[in-house]
Structure formats: structure tokens, C-alpha cells
Amino acid sequence: MTDPQTPDDAQPQDQQRRILTPGSDLNPRREFLRSATLFTVTAGALGGGLELLTRRPGAGSAEAQSADPFARPARPLGPYDTKEAVTPYGQATTYNNFYELGLDKADPARLAASLKPRPWTVRLDGEVRKPQTVDIDTLQSWFPLEDRIYRMRCVEGWSMVMPWLGFPLAALIRRMEPTSKAKYVQFTALLDPKQLPGQRQAVLKWPYVEGLRLDEALHPLAFMAVGLHGRVLPGQNGAPLRLAVPWKYGFKGIKSIVRITLTSTQPQTTWALAAPSEYGFYANVNPAVPHPRWSQATERRIGELGRRKTLPFNGYADQVASLYKGMDLRKYF
Amino acid sequence: MPAVTAGGLLPAAVLVADALSGALGANPIQRATFQTGLLALTLLVLSLACTPLRLLTGWTWPARLRKTLGLLAFGYAALHFLIYLFDHGFSLTLMTEDVLERPFVTAGFTALLLLVPLALTSTPRAVRRLGFARWTRLHQLAYVSVSLAGLHYYWGVKKDHTSPLIYAGVIAALFLVRLLRRPAATRPRRVRAEPAPRAPR
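Sequence order for the protein chains is A and B.
Sequence positions in the first sequence follow our numbering and run 1 to 333.
Sequence positions in the second sequence follow our numbering and run 1001 to 1201.
This is the structure we're talking about:
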């Protein structure tokens, strides 16, 4: 049988065969060239794509794994400190969620240079007897600085142990002299796309706002951090002033605060506005209430491969559970 | 296509090298999960782009890459799932709970399951045994799988949905090309109905 069939006739079987089997009719040189080209293109595209996706400057592993350059001399542990191993400075400062400085966890460290923590003022106002604007250095000088080694549990299922330096939030609030109408504390972060380039994207409603009930804010664990690992707080960790509430998920710990307002009504907080079904106002660490997309029963401590059990209130239940007596924490998550 | 296979396996090698050198960062498991998932989706989309590319250009070479790309996609999806299992201590209880209770996981798991029969019937022998028509129908599951994988990606992203939406757009475009080109694809059937003109002996 001769070959010259009409193109139409050739289509069904021939095309199938051609699709399913490699073209063996090619001469070796052409086949080699084709293979080489395909290899280069595929390898280039996929390898390059992965390279782009995985490596970000700032995720420096050498620094993260080396001995902690800023380890502080041993001191007696305070009543609020955890004995657990502290997350090395390299990891604590290169694995950050700070959407104002980019969505990738390596972005904040990479872009933090644009954030200028001095000069910096903080507005203290709302239901207080002495509303005022105060320079950060003055504000800091009002209180003796304390070390606090706190666990930090992110809502995404990872955790760190952070050696903060700062002062109790309660001390600041008492100094602000709340009126009888004050029921909540609202924190507002810096709004300045020049310093925080991530704000050029409307990923979240800027500025970032967080809040606490007044009794939560007055709890001795609630802490204003100005330092980390005995150093001035780096930009990516929320310089020059941030909140640390260790029994709540990490996103409550608002960074780069410019305003603290006492209010009579519950503040509209950023993540609760962005995804009310996923992030509540209270955001207490609770292994019994899963995130819609993953269980909250376990977490990975940064630096470990496996997972560990998440504790109610992130292990601070003895201290804070009484704040929520009689509340349904599934509803007020 | 050994060249494409080698190229497609390169990211796996880079991933292993990155894992060993610590370049995956502070949370390497999460990074590896994310990378393998994205690679699986990308390769799946690429394999599904082969036919539209052939329809639009008339070239035959993309069609010959389709199977390799599809198998690579399955490989990365399986790796993605294995890393997930490792992360959950290979606990089938936790996995079942996740699959049943969280639509995000259900979508991803189903996308992977649907690829299993496709990978198993990827040999020429399987095509012969099933018959081309049935084999083709079975392999249309790839459309369902890529859609679910895209949805899994969309749900998995916390806030910025730009990238998942780009993937969704590409997937939609690939479907559209097929739909619009349907009449042309049915042409062979008409030809088959009529006796083919014999070449003179």
C-alpha cells in the first residue's frame, strides 16, 4: 500500500499515533538538536522559576544557623519568662509577617531599611485625661526596660521564642489616665507607603489597626517591646514600638505603632475586617478552634522539623484564662 | 522525552540541594510544601496547554510533551502530598480529618486522586487496552483536577490572590481554546463515517 493519503483521511489515526509516540522518523542530528533545545528551555524555565520562587535575599541560612551573635548573658528568669530555647536572632529577624513590608516572609528583612524608626512620635489619646503626642525616646524613658522571654504563636501554625525588651503596657495605660468611658485600647501602625512600600498594594486596609479589651491590656503579660535579643528592635520586627501579647496569635502584636487610643467601643481590627470568618478580635491561641483551612492543634517551632502540641492560650492559661470566664471562646475566637 | 524529563526533574534537585544547604529558610517544610504544590500546578497547566497550542498552531511537538509534563505534574503533586503527610507525622487520622472537614484540603486531595488513574494509564499499552475514545474520556479528568488544584491554591493563599487568579485565568483560557476549537476537532469523525478514498494500486 502506498502512502499518499489525503490530509483529511490521515488525521484520525495518524495524528493519534504522532501524539502518542515520539517522532522516530527524525534524523539523529535533528533529534539531538531538538532534545538539547527542549532540555535547555525546560530546565531554564522550571529551574529559573524555582530559583525565583525559593531564594530571597535576607533568608540567609548561614546567619540563621550560626551561634546567636546577640545572645545575652544569662540572667535569672523572671516570673513571666519561658525556659524554652530562644529562637536565634537570625531566624527571628528573617522570618517575619509584616505585610506593610511585603507578603513573603523574607521581604520584611529585605525592605526594612526603608523604615526610619527615628525620629518617631506616638499619639496617646481617646478616653484619657492627658492626651498627648510623645517622642519615642521620651516615652521609653518613662519606664524601666525589662526582659521578657515569650512564646509567640502565629495563626499560620508556626511559633518562636522571642526575648523582648520593653515595658508592660499596663504601666503606659495607667500613665495615660483612662476615663471611666475607656473600655478598649486601639493601636494604629504607621501609614506611610514611602517607609512601608507594601502599603502601595491594598492587600489589607491600611493603616494596620489592632485592639485589646482594657482588662487584657492591663494584664501584666501584655507588653510593649522596643528591643529584641538585647538590641534595638529591628525594622522587620516592628521598630520602634510594637505590642507583644503572648497568649494571642501573632497578628495581634501590631508593629511600628504611632497611636494608642482608649475607646469606649470595640475597635475594628485589620484582620478581623479582612476575613471575619478566619481571624477574630480576641484571637486567643486555642488548639480546640481550627482555622477554616488547617487545624490549630499543633505548631512547628521554628528551627524544628516536627510539630508540637499547641497549648490553650499558648501555655499562658494559668495567667489569663480568668479574663475570659463565662465566654464561649468558639464564638469569640 | 528524556530531555523534558531531565529538565522537569531539575527543580526537585534544586529543592533537595536547597534543603540540604538550608536555603529553604526558617520554615523549610512549609517552603518545600509550597514549592512542590506550585510546581505540580504549573506542570499540570503546561501539560494541558499542549493541546490548545497544537490546535492554534498546527504544531505537533507540543502534543508529544504532554504525557511527560503530566507525569511530572503527578510526581510533584505526590511529593507535595508526601511532605504534607510527613508534616502531620504520617497520621491518617489527622489527614482524614483535614480532608473531610476543610474544603481547602478536600480540593487539593481530590485533585491528586484524580491524577492517579491518569498516571496509571499513561502507557501506550493502556491506550490500546482502553481504546482511544475511552482513554480520551478518562483523561478529561485532567480538566477537573487542574480546576480543583487551582481552587486549592486560591484557598490556600492568605491574602494576596494575584497569583492564584493568574493561574485561574490561564486555565480558563486553555479551556476556552478547546471549546472554541471543538468543531474542528470533530472533523475527523465525519471523515471516518465515509469510506476513505483508496489510493490507486
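Ideal Cβ placement from N, Cα and C applies to all residues, glycine included.
In the DSSP assignment, A:D135 falls within the unbroken beta strand (DSSP E) covering Q132 to D135. Contact annotation: A:Y332 and A:Y279 have beta-carbon atoms that are not nearer than 7 Å.
Within the same chain, and ignoring the five residues on either side of B:L1151 in sequence, the residues whose Cβ sits closer than 6 Å to its Cβ are A1107. Counting along the chain, the unbroken alpha helix (DSSP H) around B:I1029 starts and ends at P1028 to T1057. A residue is called buried when at least 16 other Cβ atoms come within 10 angstroms of its Cβ; A:Q199 meets this threshold and is buried. In the DSSP annotation of this structure, the continuous segment of the beta strand (DSSP E) that includes A:R213 starts and ends at V209 to R213.
Around the beta-carbon of A:K105, 16 or more other beta-carbon atoms lie within 10 Å, marking it buried. Listed along chain A, the residues sitting closer than 9 Å to B:R1102 by beta-carbon distance are P290, H291, P292, R293, W294 and S295. Among the residues of the region 1048–1076 of chain B, those with a Cβ less than 7 Å away from any Cβ of chain A are T1060, A1063 and R1064, in the order of the chain. Of all residues in the region 1154–1173 of chain B, the ones placed with a Cβ closer than 8 Å to any Cβ belonging to chain A are W1155, G1156, K1158, K1159 and D1160, in chain order. Near chain B, meaning a CB-to-CB distance below 8 Å, no residue of the region 117–129 of chain A qualifies. One alpha carbon belongs to B:S1163, the other to B:L1148, and they sit about 16 Å apart. Minimum Cα-Cα distance from B:L1179 among the listed residues B:A1019, B:R1031, B:L1056 and B:K1159 corresponds to B:L1056. The C-beta of B:S1047 has 16 or more other C-beta atoms within 10 Å across all chains shown, which makes the residue buried. Excluding five sequence positions before and after A:V86, the CB atoms of its chain that fall closer than 6 Å to its own CB belong to V161 and P163, given in chain order.
B:W1061 sits in a helix when the DSSP states are folded into three classes. Taking a Cβ-Cβ threshold of 8 Å, the residues of chain B close to A:R307 are D1087, H1088 and G1089, in chain order.
With a cut-off of 8 Å on Cβ pairs, the region 1169–1177 of chain B is not in contact with the region 1117–1130 of chain B, counting fewer than three such pairs. A Cβ-Cβ contact shorter than 7 Å links B:P1028 with B:A1019. A check of alpha carbon separations from A:R301 across A:P88, A:E31, A:G78 and A:P28 identifies A:P88 as the nearest.
Boundaries for A:Y324: no beta strand (DSSP E) harbours it, and the DSSP string shows neither H nor E there. Near chain B, meaning a CB-to-CB distance below 8 Å, the residues of the region 200–211 of chain A are Q201, V203 and L204. In this model, A:R34 and A:P312 are separated by some 60 Å (Cα to Cα). Taking C-beta atoms as the reference points, B:A1040 and B:Y1076 count as a pair closer than 7 Å. Taking the C-beta atoms as reference points, A:G303 is found no nearer than 7 Å to A:L115. Around the beta-carbon of A:A202, fewer than 16 other beta-carbon atoms lie within 10 Å, marking it exposed. At a cut-off of 7 Å between beta-carbon atoms, B:A1003 makes contact with chain A. Straight-line measurement puts the Cα of A:A112 at about 10 Å from the Cα of A:T93.
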